[in-house]
């Protein structure tokens, strides 16, 4: 049990064939405001997953059913499109000359939107990155 967290009754559960345990809890945030929630631990293969849902003490009742429904939806992924999805990777490009984020985006095509490339480089639309900058792109 974590300091400052009061756990309710723990229940053993089976979710989509996976063994686990769940409990409601109460705690306080850093300002001392009450929080309430539910935690569920599910065993899948050799891993244990923690699923957590919480809200302010006053609002927990409105969300408790949604938290439980979400936790009960945990299951083995079988969607071929999702299983075959590959991660995108960041690569670094040292700029040989100053260029705007738009120029960078055109010269170094990316698997992400211009807005995302600007955000990961800390540059707003129309701003210039100086020569020598190690700029990030998504591939």
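Numbering (my numbering), first residue to last: 28 to 166.
C-beta atoms are modelled at their ideal positions from N, C-alpha and C, and glycine is treated no differently.
With H, G and I counted as helix, E and B as strand and the rest as coil, what does DSSP make of residue i?
i: residue 135; result: coil
i: residue 185; result: The requested residue 185 is not part of the displayed model; the chain covers only 28 to 166.
i: residue 72; result: coil
i: residue 82; result: strand
Closest to residue i by C-alpha separation, out of the options, would be which residue?
i: residue 125; options: 156, 41 and 40; result: 156
i: residue 166; options: 149, 137 and 64; result: 137
i: residue 63; options: 74, 81, 56 and 133; result: 81
i: residue 97; options: 119, 65 and 46; result: 65
i: residue 70; options: 131, 46, 60 and 57; result: 46
i: residue 56; options: 36, 84 and 67; result: 84
Let me confirm a value: residue i is counted as buried when at least 16 other C-beta atoms fall within 10 Å, else exposed. Which label applies?
i: residue 159; result: exposed
i: residue 142; result: exposed
i: residue 44; result: exposed
If I'm right that residue i touches residue j with Cβ under 8 Å, what's the distance once you round it to whole angstroms?
i: residue 154; j: residue 123; result: Rounded, the Cβ-Cβ distance is 18 Å, inconsistent with contact.
Contiguous beta strand (DSSP E) assignments of at least 3 residues, all confined to the segment 104–154: Qualifying beta strand (DSSP E) stretches, in chain order: 117–121.
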